[in-house]
Amino acid sequence: MTRLKRAIALRETGPALAAFYLAILLVAVIAPQVLTQTDPMAIAPRAAFAPPSLHHLFGTDESGRDILTRLIYGARQSLLLGVSAIALALLIATTLALIGGLGGRMAERGIRWLIDVMFAFPVLVLALLCSATLGSGIVPLVIAVGIGSAAGYTRLVFGQVLAVRDAPYVEAARALGHSPFKIIRRHILPNAVRPLVVLATMGVGQMVVWSASLSFLGLGAPPPAAEWGTMLSMGRDYIAEAWWMTLFPGLAIVLTMLATTVVGRAIQLRMDAGAS
Amino acid sequence: MSPSTPLFAQSRPRHVRGTISCVVACAAAVLLTGCRREAHHVAPQTPVSGGTIVYATDREPVCLDPHVAGDMPQVFVAQQYLDSLVAMDDRGRILPWLATDWQISDDGLSYTFHLRRDVTFTDGTRFDAQAVRANLDHMVDPHTQSGTAGGYIRQYLRTDTPDDYTAVVHLKSPYAAFLEVLSQGFLGLESPRALARPRDVNCQSPVGSGPFMVQRWDHQNDIVFVRNPAYNWGPPTALHHGPARLDRIEWRFVAEPSVRFAALQAGEADVIDSLPPEAETPAQRNRDLWLLMADRPGNPTNGTLNVRRAPFNDVRVREAFVRSADIPGALGSVFFHHYRHAGGPLSPSTPFYDPAFEHVGDYDPARANALLDAAGWTGRTADGIRTRNGVPLIVHIPVRSSWPTADRTLWEQVQATARATGFQVLLENSDDTSVLTREQAWDYDVRLGYWNTDTADVLRIIFSSAFLGPPTGHANHQNAAGFSDPRFDRIVNDALTTTDQDRRRELYRQAQAAAAAQFLQITTYPQTTRLALSRSVHDVRLEPSLHVTTLYDAWVSR
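These protein sequence lines map, in sequence, to chains Z and S. Quick note on numbering: our numbering labels position 26 of the first sequence as 26, and the sequence is numbered without any gaps. Going from the second sequence to our numbering is simple: count from 1 and add 1000.
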């Protein structure tokens, strides 16, 4: 009995902690000045490479900027990148899936072929290709990661659309003479997209990682923007001397990935429980 | 000529002195610690032959033939397998090498070189006057696409060979820096038979007469050199005669600075170059390592301001920008106080360098603000950027992805300090090709760069109107400022017509004054060769012309 209780408690603690972390992140995104009074861009050459202390909890970087402050301000950049990229990926996925699912046999074949081609490229390679053609910066980065990761989501939504397309209630709606748009909006989309909520939540973390990877390679936000991947990249040269420059941005990325996955899983469990 | 200033240059007497002090220190250590520590790296007195050195460097050359293109990684490789006509000593004097002596005609238009008769290239070809002609012809041939060597000898007309061992080089116009540039590895002499092959083949497997031969080049991995057993014509700057002491050199490419330093500490590399600033203090403290460093002559590391478009077409805005950048402050934090500030257009180790211009552009935000007010940049945007007629004061700086992290940080600090004066500096990261394309189109306000050469004539290359267009076969204009001033052109051209050292000094003083008064660059720090070496490696030298590593004298004790 106690073991079961402990198990339940543990199962609840994980998601609670993850949700708490995400809540702090959300505050950092919306109002970073609530969490810190320091200017993330303010350089202080004399205070460069200061190790973590009471004054600088996470230490300072090569220009004497406070790492914690930059992580807090970087949350907006990094999370917005993640959320926008996943939104773009889902938009592409849904559009392609609807075209493929409802546009007749030729369209279905075409979309299947397109998904296969997109899958032939590893996500990061596809994203790098986009970055190379679009240049560096935030918007190209979102487009690159969004397009790069669209294939997986397209296949998923496509499957859902195909399953829902021939469901009895869609047949019924069709028989009742509803317009195709109404059918899509009222019947197909809600049913096809529901599983995506979970995936999207987990996907945000993945997108943050990919965005950070591209920023690490120098394709992200231009300096002096605080972006986690860029911070990680700048820190790596000093890893032997100033480990805090790499550790804390790395931790932020890992924790965000973990937290979104844990919360996503929790939502999935709730939804499954609700369904059964 | 002014002496060059090696910081830790090792020479034989100092080496012996080091050994003695090491013995004394070890004896003291033994007394104090009760024989806990073994005698620490007491170097054997006599050099030994044999062995391999692993040399880890940051950048891979695009071609092993230094005549082609002409970037710094190429000259480091070339110094191991090529010889030059003349050498430069550490006081800037020109000494014989493959040329035993020479005469310069009174009009400065012909140089008659008498050549050594005992030199052969490692493919068996004889070194003679024909070889000299083939090399100089090759450097100026547009197909070679020689930006550096070819750019240096634009005055070259032709070479006559009255006999096998006399080469008479004719110039179109007097060029007093000719011998100085000839001493650089960029103008090293290659086998004419090898040069006759297609360019790409020669890039891969060039042939010289130097102490080592290129055995293979495994791209993105390493170059292997082996000893040239017949070598008996070392430069006068060398410490010994005869063949090199090492059997082999493994010249490895390790781009990541921290990995390079870790490889040295782990004993996987014996010598690393481009020692990163963050590793310098640990390297100094590490008793298994020693450092070899020297400033390179030429134009210091800098951001050159494009005067061909707004806002830097106004000298007041240029001065304001230069004065709003706190370079000494930034150097202190980014380079851990290891790099000194170079404030003038020439690095201190350049011949005819004049310290009078060291502080012309010192940090002075008050003056910067006054200048911007006077230039009409009096408006302000909501976030404090200055405007004139509604146009914000924006400075675009394309930054190559290959530019070192520490230099990026340096410019981020310039960005921050210039912002306080009202400049919005945009550091636009991009791949090297995109940045080059923008530079060719003059699409920048600041271009980041440097120019290593052993002559004050560098001022003519970077600021005279002759270098506004793309040089023969080379992709980019070298006068990145776009500066064009007949008076300046006259000074630097006059300096080429005289070999009188006092006259040259005076003319180059005027040229430095003219360039400094125009605020054409934010100069940051002198380019330096920074080697960290294992204590088991001895007699590694920097060839004084450009302070490029030479492993001819080097040997290992294991």
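C-beta atoms are modelled at their ideal positions from N, C-alpha and C, and glycine is treated no differently. Because the structure is a prediction, the values reported are computed rather than measured.
Legend entry - Neighbouring residues, chain S, relative to Z/Pro-140 (Cβ below 8 Å): Residue numbering aside, residue 140 of chain Z sits at position 140 when the first sequence is read from its first letter. By Cβ distance, chain S contributes nothing, its closest Cβ being about 11 Å from Z/Pro-140, past 8 Å.
Inset, instruction - Examine chain Z for any beta-carbon lying closer than 8 Å to the beta-carbon of S/Gly-1185, and answer yes or no. - result: What you label residue 1185 of chain S is simply residue 185 of the second sequence in a count that begins at 1. No, no contact with chain Z.
Inset, instruction - Given a cut-off of 8 Å, decide if S/Gln-1527 and S/Leu-1344 are closer than it, judged by their beta-carbon atoms. - result: What you label residue 1344 of chain S is simply residue 344 of the second sequence in a count that begins at 1. What you label residue 1527 of chain S is simply residue 527 of the second sequence in a count that begins at 1. Here the sequence assigns Gly to residue 1344 of chain S, which means Leu is not the residue at that position. The Cβ atoms of S/Gly-1344 and S/Gln-1527 lie no closer than 8 Å to each other.
Inset, instruction - Flag S/Ser-1430 as yes if its beta-carbon sits less than 8 Å from any beta-carbon of chain Z, otherwise no. - result: Locating residue 1430 of chain S in the second sequence gives position 430, where the first residue counts as 1. Closer than 8 Å to some Cβ of chain Z, the Cβ of S/Ser-1430 qualifies, so yes.
Inset, instruction - Name, please, each residue of chain S whose Cβ falls closer than 7 Å to the Cβ of Z/Arg-76. - result: Stepping through the first sequence from its first residue, residue 76 of chain Z is reached at position 76. The premise fails here: Z/Arg-76 is roughly 17 Å from chain S at the closest Cβ pair, so nothing lies under 7 Å.
Inset, instruction - Answer with buried or exposed for S/Gly-954, where buried requires no fewer than 16 other C-beta atoms within 10 angstroms of its C-beta. - result: In the structure displayed, chain S extends from 1001 to 1558; residue 954 of chain S sits before or after that span and is not available.
Inset, instruction - Using alpha carbons as the reference points, say which of S/Gly-1361, S/Arg-1287, S/Leu-1448 and S/His-1396 lies closest to S/Trp-1403. - result: Here the question's residue 1403 of chain S lines up with position 403 in the second sequence. When the alpha-carbon of S/Trp-1403 is set against those of S/Gly-1361, S/Arg-1287, S/Leu-1448 and S/His-1396, the nearest one is in S/Leu-1448.
Inset, instruction - Establish whether the CB of Z/Gly-218 and some CB of chain S are separated by less than 8 Å. - result: Taking the first sequence and counting its residues from 1, one reaches residue 218 of chain Z at position 218. It does: the Cβ of Z/Gly-218 has a partner Cβ on chain S nearer than 8 Å.
Legend entry - Stretch pair the segment 164-176 of chain Z + the segment 126-136 of chain Z: three plus CB contacts closer than 8 Å: The segment 126-136 of chain Z and the segment 164-176 of chain Z do not touch, with fewer than three beta-carbon pairs separated by less than 8 Å.
Inset, instruction - Could you check if Z/Ser-179 is buried or exposed, using at least 16 other CB atoms within 10 Å of its CB as the buried criterion? - result: In the first sequence, residue 179 of chain Z corresponds to position 179, counting from 1. The residue is exposed, with fewer than 16 neighbouring Cβ atoms inside 10 Å.
Legend entry - Same chain, Cβ closer than 8 Å to Z/Val-161, neighbours up to 5 away in sequence not counted: In the first sequence, counting from the first residue as 1, residue 161 of chain Z sits at position 161. Taking Z/Val-161 as the centre and dropping the five residues before and after it, the same chain places the C-beta of Ala-97, Leu-98, Gly-100, Gly-101, Leu-102, Ile-188 and Ala-192 closer than 8 Å to its C-beta, in chain order.
Inset, instruction - For the beta strand (DSSP E) containing S/Gly-1298, list its first residue and its last residue. - result: What you label residue 1298 of chain S is simply residue 298 of the second sequence in a count that begins at 1. S/Gly-1298 -> beta strand (DSSP E) spans 1298-1305.
Inset, instruction - Kindly list, in the order they appear in chain S, the residues whose Cβ is closer than 9 Å to that of Z/Ala-240. - result: Translated into positions along the first sequence, residue 240 of chain Z becomes position 240. Listed along the chain, the chain S residues whose CB falls inside 9 Å of the CB of Z/Ala-240 are Ser-1258, Phe-1261, Ala-1262, Glu-1278, Ala-1279 and Pro-1282.
Legend entry - the segment 1323-1338 of chain S in contact with the segment 1501-1518 of chain S per 3-pair CB rule at 8 Å: The answer is no - the segment 1501-1518 of chain S does not touch the segment 1323-1338 of chain S, with fewer than three Cβ pairs under 8 Å.
Legend entry - Inter-residue Cα distance where the pair is S/Pro-1192 and S/His-1114: Counting from one through the second sequence, the residue named residue 1192 of chain S turns up at place 192. Counting from one through the second sequence, the residue named residue 1114 of chain S turns up at place 114. Their backbone Cα atoms lie some 18 Å apart in a straight line.
Legend entry - Any 3 or more C-beta pairs closer than 8 Å across the segment 1515-1524 of chain S and the segment 1285-1301 of chain S: Judged by Cβ distances under 8 Å, the segment 1515-1524 of chain S makes contact with the segment 1285-1301 of chain S, as three or more pairs qualify.
Inset, instruction - Pull up the distance between the alpha-carbon of Z/Ala-221 and that of S/Met-1139, whole angstroms please. - result: The count along the first sequence starts at 1 and reaches residue 221 of chain Z at position 221. The count along the second sequence starts at 1 and reaches residue 1139 of chain S at position 139. Each residue's Cα considered, the two are about 42 Å apart.
Inset, instruction - May I ask you to report which of helix, strand or coil DSSP gives Z/Met-41? - result: Reading the first sequence from its first residue, position 41 is the one you call residue 41 of chain Z. If DSSP states are grouped into helix, strand and coil, Z/Met-41 belongs with coil.
Legend entry - Cutoff 8 Å: Z/Ile-43 Cβ touching any chain S Cβ: Locating residue 43 of chain Z in the first sequence gives position 43, where the first residue counts as 1. Closer than 8 Å: yes.
Inset, instruction - For the beta strand (DSSP E) holding S/Ile-1053, just list the boundary residues, first then last. - result: Working through the second sequence from its first residue, we reach residue 1053 of chain S at position 53. For S/Ile-1053, the enclosing beta strand (DSSP E) starts and ends at 1052-1057.
Inset, instruction - Would you mind working out which of S/Asp-1141, S/Pro-1235, S/Val-1254 and S/Arg-1199 sits nearest S/Leu-1183, comparing C-alpha positions? - result: For the purposes of this step, residue 1183 of chain S is taken as residue 183 along the second sequence, with counting starting at 1. Note on residue identity: the sequence assigns Ser, not Leu, to residue 1183 of chain S. Cα-wise, what sits closest to S/Ser-1183 is S/Pro-1235.
Legend entry - Proximity of S/Leu-1393 and S/Gln-1424 at Cβ, strictly below 8 Å: Taking the first residue of the second sequence as 1, we reach residue 1393 of chain S at position 393. Taking the first residue of the second sequence as 1, we reach residue 1424 of chain S at position 424. Yes, the Cβ-Cβ distance between S/Leu-1393 and S/Gln-1424 is below 8 Å.
Inset, instruction - List in chain order: all unbroken alpha helix (DSSP H) runs of 4+ residues lying wholly within the segment 11-86 of chain Z. - result: Runs found: 32-35.
Inset, instruction - Please confirm if S/Gly-1332 has its CB atom under 8 Å from at least one CB of chain Z. - result: Counting from one through the second sequence, the residue named residue 1332 of chain S turns up at place 332. Against chain Z, the CB of S/Gly-1332 has a partner CB under 8 Å away; the residue lies at that interface.
Inset, instruction - Could you work out which residue in S/Asp-1163, S/Ala-1283 and S/Arg-1285 is closest to S/Arg-1131 when comparing CA atoms only? - result: For the purposes of this step, residue 1131 of chain S is taken as the residue at position 131 of the second sequence. One point to set straight first is that residue 1131 of chain S is Ala, not Arg, in the sequence displayed. Here the closest residue by C-alpha is S/Asp-1163.
Inset, instruction - Compare the C-beta of Z/Glu-227 against all C-beta atoms of chain S and say whether one is closer than 8 Å. - result: The residue labelled residue 227 of chain Z in the question sits at position 227 within the first sequence. No, its Cβ sits nowhere closer than 8 Å to a Cβ of chain S.
Inset, instruction - For Z/Asp-66, I'd like the list of residues in its chain whose CB is within less than 7 Å of its CB, leaving aside the five on either flank, ordered along the chain. - result: Numbered from 1 along the first sequence, position 66 holds the residue referred to as residue 66 of chain Z. Thr-38, His-56 and Thr-60, listed in sequence order.
Legend entry - Alpha carbon of S/Thr-1405 to alpha carbon of S/Gly-1332, nearest angstrom: For the purposes of this step, residue 1405 of chain S is taken as residue 405 along the second sequence, with counting starting at 1. For the purposes of this step, residue 1332 of chain S is taken as residue 332 along the second sequence, with counting starting at 1. Straight-line Cα distance between these residues: approximately 15 Å.
Legend entry - Integer-rounded CB distance, given that Z/Val-204 should sit under 8 Å from Z/Leu-86: Here residue 86 of chain Z corresponds to residue number 86 of the first sequence, with the count starting at 1. Here residue 204 of chain Z corresponds to residue number 204 of the first sequence, with the count starting at 1. Going by the sequence as given, residue 86 of chain Z is Ile instead of Leu. Correct: roughly 5 Å between the Cβ atoms.
Inset, instruction - Tell me, please, whether the CB atom of Z/Met-234 is closer than 8 Å to any CB atom in chain S? - result: Numbered from 1 along the first sequence, position 234 holds the residue referred to as residue 234 of chain Z. Interface flag for Z/Met-234 against chain S is set, since a Cβ pair is found closer than 8 Å.
Inset, instruction - Check the DSSP bridge columns for S/Met-1293 and list the partner residues they point to. - result: Residue numbering aside, residue 1293 of chain S sits at position 293 when the second sequence is read from its first letter. As a beta-bridge residue in DSSP terms, S/Met-1293 pairs with S/Arg-1530.
Legend entry - Coil, strand or helix - S/Val-1360 by DSSP: For the purposes of this step, residue 1360 of chain S is taken as the residue at position 360 of the second sequence. S/Val-1360 carries a coil assignment under DSSP once its states are collapsed to helix, strand and coil.
Inset, instruction - Could you tell me whether the Cβ of Z/Ser-136 comes closer than 8 Å to any Cβ of chain S? - result: Position 136 of the first sequence holds residue 136 of chain Z. Chain S places a beta carbon closer than 8 Å to that of Z/Ser-136, counting this residue as a contact.
Legend entry - alpha helix (DSSP H) segment containing S/Thr-1161, residue limits: Residue numbering aside, residue 1161 of chain S sits at position 161 when the second sequence is read from its first letter. No alpha helix (DSSP H) holds S/Thr-1161; the beta strand (DSSP E) holding it covers 1156-1163.
Legend entry - Same chain, Cβ closer than 7 Å to S/Thr-1381, neighbours up to 5 away in sequence not counted: Within the second sequence, the letter at position 381 stands for residue 1381 of chain S. Cβ-Cβ distances below 7 Å link S/Thr-1381 to Thr-1387 and Pro-1392 in the same chain, with the five nearest sequence neighbours on each side left out; the list follows chain order.
Legend entry - Within the segment 1435-1482 of chain S, ranges of the beta strand (DSSP E) (whole runs, at least 3 residues): Runs of the beta strand (DSSP E) inside the segment 1435-1482 of chain S: 1446-1452.
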